[in-house]
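There are 2 protein chains.
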Amino acid sequence: MTGVTLSDVAQRAGVSRAAVSRTFTAGASVSAKMRARVEAAARDLGYSPNLLARSLTTRKTQLVGLVSNNFQNPVFLQIFDLLTKGLQDRGLRPLLVNLSDETDPARSVQLLRQYSVEGVILATSHLPQGFASAFRDAGVAVVHAFGRPTGQTDVVGIDNVAAGEMAAQTLMARGYRHVGFMGGPEQASTTQDRLAGFAAAAQALGGVVSHSFAGAYSFEAGRGEMARLLSGPRAEAYFCADDVLTIGALSAAQAAGLRVPDDLGLIGLNDMAMAGWANINLTTIHQPFDAIVRGAMDLMQDRFANPDRAPQTRLFPCHIVDRGTLRPL
Amino acid sequence: MTGVTLSDVAQRAGVSRAAVSRTFTAGASVSAKMRARVEAAARDLGYSPNLLARSLTTRKTQLVGLVSNNFQNPVFLQIFDLLTKGLQDRGLRPLLVNLSDETDPARSVQLLRQYSVEGVILATSHLPQGFASAFRDAGVAVVHAFGRPTGQTDVVGIDNVAAGEMAAQTLMARGYRHVGFMGGPEQASTTQDRLAGFAAAAQALGGVVSHSFAGAYSFEAGRGEMARLLSGPRAEAYFCADDVLTIGALSAAQAAGLRVPDDLGLIGLNDMAMAGWANINLTTIHQPFDAIVRGAMDLMQDRFANPDRAPQTRLFPCHIVDRGTLRPL
DNA sequence: CCGCCGAATGCTTTCGTTTGCAATCGAAAC
DNA sequence: GTTTCGATTGCAAACGAAAGCATTCGGCGG
């Protein structure tokens, strides 16, 4: 039973409860003798302070909400790994919220507030309207990772328009002229921005551009959409807005008997671990997850310290990783 | 600012604090008139109860620890998805703990205890000695998902020995005689048990068995180990103890110019989503994740209700999913 | 030996909520 | 108009811990 409290320790050590409290709170005034005595008693009893009770008076819970709706895309496991490790290193505890089936986002906001989280990290590009600001209005430090800059809340990620341009420039430089864009969900800001950058840059370079949307960032969506595209007149190369989509597209191309990259070029975005697997071997745009995740945590903690500063946006540069799905220069 | 408390609502509604508390705790005695009045005041002020403060008196936090060290294996994203959704449906909140870099497991135990979690779900097969019992000793309901039954704590998963036997029987039935086992980490109970079942059954059926271990349940480990195996005399078919290992092995086989399944048979275990992707298309043993995850939550809640019952084990049946990496019957 | 002062310690209130207990209310039965 | 009794309500004491304030301690200079 985990029922040993401050008072128990105080009693056993024969000191006041305040003394016990002090030996367990950093930077409090306790003599070495007192500290030793209390620590001995605490060890005997197996005491450790109740963080929830402590949070009542300190108003610090060390709890942060980790909110996502991307439990289908393997890249998010990498992201969760980085995020949980990083938060643990900073002494913060992630309360995980799966938004996938949530019809009413306001419930999640309330829920996290009820647990007095100090901050929230939104790890997703596809978010209900006003979700991020709801947290800000509730007074919790919120940062939107992989989101679109709005000026309303802290955002960290990449410049998706620039990433689209980079994809277009790469394709054109490799000599593809008729190029296509395959997005994820049409409303996702990532899809929209990547398309915008891609189309503008490709046209500026004299390319012929087409585009379409797979309904989701998933293998099946990418495969299905590419199969559909291949049944009609097709482009010479496609920029798929996400690696897992690209893998789906690759699978459809192979099924249709096309050789990649000879018959069809493909470039993805993310550079998830799987993209480097030898039997997948995607040419793709690397998104610097570690920097983004670290930036998200930094920004959140920065807001802890300074709740009223203006919203800030941090975008990190991407680069091409050249593998096997685009013909060489 | 999220500073509105019970007292604020009581004051505005002109009633006692107890009355407010009662309208927010299920099954308390409040008149309809009182409830309406309090709810109006609460709405005006934007009040919602502080769960952490509540937990102080009720001794219920609704918090459960979700502990894992498998942030490399994509199958765990599916598992996290099921787990988080299931917990949310039951009104429980997962506190995520990443064990990967943790040198001292006792710290995690203490940490979770400090947050007064009511239960812990261990989602991993590879666990430091005595980790599960440490939770049990601390009085928190712990269930080990994907673990080996010990009789010491609640365990839910599959019969890994039987799964190994099933793999062996399948290979022998397809006419493979010289068969190999490729495990993950040698100390992982899953690796050990699957090997035991596999070797025994294959030998009983007149097979010739060899075995080796990739150091981890990861693509690179599987690919590396299979590359090593292919450089010497090789078996006709391999049972790889995990799908992601199998995909690695598949990649190595393809790189060596072998046709699968004609030159080399492969069977995996898990049936993760990716195994069904058309360009991977693994023949594998399906592990019923949804049943296991549901079982884990059931067992945990069952222990909430009855803390002193004997440890229980729930194993679910597996079945073969026939795809493209084993020759047909 | 006395006075002084900073460091240690203890007392008590407080954080936001629940809950046992006692007091009050209201309506039905007389 | 009384009684009576169950349903509501308020009061006050917890829950486990932090921190302001006042008190005591200990060592120093004089």
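Here the protein sequences line up with chains A and B, keeping their order. Using this note's numbering, the first residue of the first sequence is number 1, and each one after it goes up by one. Using this note's numbering, the first residue of the second sequence is number 1001, and each one after it goes up by one. All C-beta atoms, glycine included, are put in the ideal place defined by N, C-alpha and C.
Cβ closer than 8 angstroms: which chain A residues qualify as neighbours of residue i?
{"i": "residue 1060 of chain B", "result": "Ordered by position in chain A, no residue passes the 8 angstroms Cβ test against residue 1060 of chain B, which lies about 11 angstroms from the chain."}
{"i": "residue 1045 of chain B", "result": "Chain A residues near residue 1045 of chain B: none, gap ~13 angstroms exceeds 8 angstroms."}
Within this structure, are the beta carbons of residue i and residue j separated by less than 8 angstroms?
{"i": "residue 321 of chain A", "j": "residue 236 of chain A", "result": "no"}
{"i": "residue 1292 of chain B", "j": "residue 1146 of chain B", "result": "yes"}
{"i": "residue 181 of chain A", "j": "residue 144 of chain A", "result": "no"}
{"i": "residue 65 of chain A", "j": "residue 97 of chain A", "result": "yes"}
{"i": "residue 1023 of chain B", "j": "residue 1039 of chain B", "result": "yes"}
{"i": "residue 224 of chain A", "j": "residue 245 of chain A", "result": "no"}
{"i": "residue 199 of chain A", "j": "residue 226 of chain A", "result": "no"}
{"i": "residue 1340 of chain B", "j": "residue 48 of chain A", "result": "Absent from the model: residue 1340 of chain B. The displayed extent of chain B is 1001 to 1329, so no value can be given."}
{"i": "residue 1099 of chain B", "j": "residue 1117 of chain B", "result": "no"}
{"i": "residue 1308 of chain B", "j": "residue 1285 of chain B", "result": "no"}
{"i": "residue 1216 of chain B", "j": "residue 1183 of chain B", "result": "no"}
{"i": "residue 1020 of chain B", "j": "residue 1010 of chain B", "result": "yes"}
{"i": "residue 1052 of chain B", "j": "residue 329 of chain A", "result": "no"}
{"i": "residue 269 of chain A", "j": "residue 241 of chain A", "result": "yes"}
{"i": "residue 1300 of chain B", "j": "residue 1086 of chain B", "result": "no"}
{"i": "residue 193 of chain A", "j": "residue 228 of chain A", "result": "no"}
I'd like the list of long-range same chain contacts for residue i, defined as Cβ closer than 7 angstroms, with 5 residues on each side in sequence excluded.
{"i": "residue 315 of chain A", "result": "157, 158 and 159"}
{"i": "residue 1280 of chain B", "result": "1247 and 1274"}
{"i": "residue 332 of chain A", "result": "For residue 332 of chain A there is no data in the structure shown, the boundaries of chain A being 1 and 329."}
{"i": "residue 78 of chain A", "result": "272, 273 and 289"}
{"i": "residue 203 of chain A", "result": "209"}
{"i": "residue 17 of chain A", "result": "6, 7 and 10"}
{"i": "residue 1102 of chain B", "result": "1108"}
Under 9 angstroms between beta-carbons, which chain B residues line up against residue i? List them in chain order, please.
{"i": "residue 261 of chain A", "result": "Neighbours of residue 261 of chain A on chain B: none; closest Cβ ~15 angstroms, over 9 angstroms."}
{"i": "residue 66 of chain A", "result": "1096"}
For a contact meaning CB atoms closer than 8 angstroms, what does residue i contact in chain B?
{"i": "residue 94 of chain A", "result": "1095 and 1096"}
{"i": "residue 49 of chain A", "result": "1114"}
{"i": "residue 219 of chain A", "result": "1273, 1274 and 1277"}
{"i": "residue 56 of chain A", "result": "1052, 1053 and 1056"}
Would residue i be called buried (16 or more neighbouring beta carbons within 10 Å of its own) or exposed?
{"i": "residue 1289 of chain B", "result": "buried"}
{"i": "residue 1243 of chain B", "result": "buried"}
{"i": "residue 1054 of chain B", "result": "buried"}
{"i": "residue 1057 of chain B", "result": "exposed"}
{"i": "residue 188 of chain A", "result": "buried"}
{"i": "residue 317 of chain A", "result": "exposed"}
{"i": "residue 1124 of chain B", "result": "buried"}
{"i": "residue 250 of chain A", "result": "buried"}
{"i": "residue 1083 of chain B", "result": "buried"}
{"i": "residue 73 of chain A", "result": "buried"}
{"i": "residue 1068 of chain B", "result": "buried"}
{"i": "residue 1029 of chain B", "result": "exposed"}
Grab me the residues of residue i's own chain with a C-beta within less than 8 angstroms of its C-beta, minus the 5 sequence neighbours each way, in chain order.
{"i": "residue 1169 of chain B", "result": "1201 and 1205"}
{"i": "residue 1 of chain A", "result": "Note that residue 1 of chain A has pLDDT 48, beneath the 50 cutoff, so the model's placement of it is unreliable and the number below is only indicative. None."}
{"i": "residue 196 of chain A", "result": "161 and 164"}
{"i": "residue 1046 of chain B", "result": "1004"}
{"i": "residue 1260 of chain B", "result": "1250, 1253, 1254, 1266, 1324 and 1325"}
{"i": "residue 12 of chain A", "result": "41, 44 and 45"}
{"i": "residue 1151 of chain B", "result": "1311 and 1313"}
List the residues of chain B whose Cβ lies closer than 7 angstroms to the Cβ of residue i, in chain order.
{"i": "residue 136 of chain A", "result": "Within 7 angstroms Cβ-Cβ: nothing; residue 136 of chain A doesn't reach chain B, min ~12 angstroms."}
{"i": "residue 223 of chain A", "result": "1278"}
Chain A partners of residue i, CB-CB under 7 angstroms?
{"i": "residue 1287 of chain B", "result": "Here the premise fails: no neighbours, minimum Cβ distance about 18 angstroms."}
{"i": "residue 1231 of chain B", "result": "None at all; the shortest Cβ gap to chain A is about 16 angstroms."}
{"i": "residue 1084 of chain B", "result": "96 and 98"}
{"i": "residue 1101 of chain B", "result": "85"}
{"i": "residue 1088 of chain B", "result": "98"}
What residues in its chain sit with their C-beta under 6 angstroms from that of residue i, if we drop five residues either side in the sequence?
{"i": "residue 32 of chain A", "result": "none"}
{"i": "residue 142 of chain A", "result": "120, 132, 135, 136 and 153"}
{"i": "residue 1128 of chain B", "result": "1105"}
Listing by chain order, which chain A residues have their CB less than 9 angstroms from the CB of residue i?
{"i": "residue 1110 of chain B", "result": "48"}
Compile a chain-ordered list of the residues in the segment 70-82 of chain A whose CB is closer than 7 angstroms to at least one CB of chain B. 71, 74, 76, 77, 80 and 81
Taking any Cβ of chain B, which residues in the segment 112-133 of chain A have a Cβ under 7 angstroms from it, in chain order? For the segment 112-133 of chain A, which is checked against every Cβ of chain B, the residues closer than 7 angstroms are 113, 114, 115 and 116.
Can you give me, in chain order, the residues of the segment 1134-1167 of chain B that have a beta carbon less than 9 angstroms from any beta carbon in chain A? 1138, 1139 and 1140
Anything in the segment 1012-1045 of chain B with a Cβ closer than 9 angstroms to a Cβ of chain A? List those residues in chain order, please. Hits within the stretch: zero.
Of the residues that make up the segment 1244-1258 of chain B, which ones have a beta carbon closer than 9 angstroms to any beta carbon in chain A? 1247, 1248, 1250, 1251, 1252, 1254 and 1255
So if I threshold CB-CB distances at 8 angstroms, which residues from the segment 1292-1319 of chain B count as touching chain A? none
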